[in-house]
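1 is the number of the first residue of the sequence shown in the working numbering; add one for each residue after it.
By construction, the Cβ of each residue, glycine as well, lies at the ideal position given by its N, Cα and C atoms.
All of these numbers come straight from a predicted model, not from anything done at the bench.
Only one structure is covered here, and it is reproduced in the block below.
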Amino acid sequence: MDVPHAGARNLRVISAANLLTGTYNNLLQVVLQPFVVAVAGSVALLGVLQALASRLGGVIGAVAQFAGGHLADRWGRKPVILLGSAFNATCLTLFLATALTGWPLLLVPAFAFLGLGLLGSPANQSAVAESVDARGRAMAYSKVLFYLLLPAAVMAFLGGYI
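Encoded structure:
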């Protein structure tokens with residue numbers, strides 16, 4: 001049996017991770033704003049927290065991506081991707097703790113970790129580019145983006161229902 005090329009394995013792993021990322025991103029996108037307003041009682045605080053960090057960036061997300069590219073060049077792609085994933089898991093854990101306790105102060109570190117979760121984004125993009133030759137990059141990026149966006153069809157509906 002032929003062993004798959006390392007690049008093909010990388011793309012499968014990145015695609016599977018993107019499927020999970022797309023799932024939680026789409027659920028988070030639908031429920032996060034009403035959740036923050038319900039817990040904190042303030043749309044102004046929601047605005048401040050989203051300026052601090054959101055899935056699209058914010059101040060912390062922008063700095064995290066800049067740092068992530070630098071760290072990926074120094075440490076390698078995989079450790080930085082794993083660190084970004086750990087930040088995302090911490091963020092989701094803090095959102096869960098906020099929901100269970102009703103303590104709005106937990107929202108600040110939750111949003112900070114949400115932004116820090118973007119640390120792995122530059123390393124992820126580089127890993128895709130390094131996994132295929134130049135002629136196959138467009139298809140590779142299309143494939144991993146497909147798995148990131150696929151959950152949007154179901155999760156946004158499910159999140160709105162919840």
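Here the alpha carbon of Ala40 sits roughly 12 Å from the alpha carbon of Thr101. Within the DSSP bridge table, the entry for Ser15 names no partner.
DSSP, read as helix, strand or coil, puts Ser42 in coil. Cα atoms of Leu150 and Tyr141: separation of roughly 14 Å, rounded to the nearest angstrom.
Straight-line spacing of the CA atoms in Cys91 and Ser126 works out to 24 Å. Val36 has its alpha-carbon roughly 8 Å from the corresponding atom of Ser42. Only buried fits Ala72, as 16 or more other CB atoms lie within 10 angstroms of its CB.
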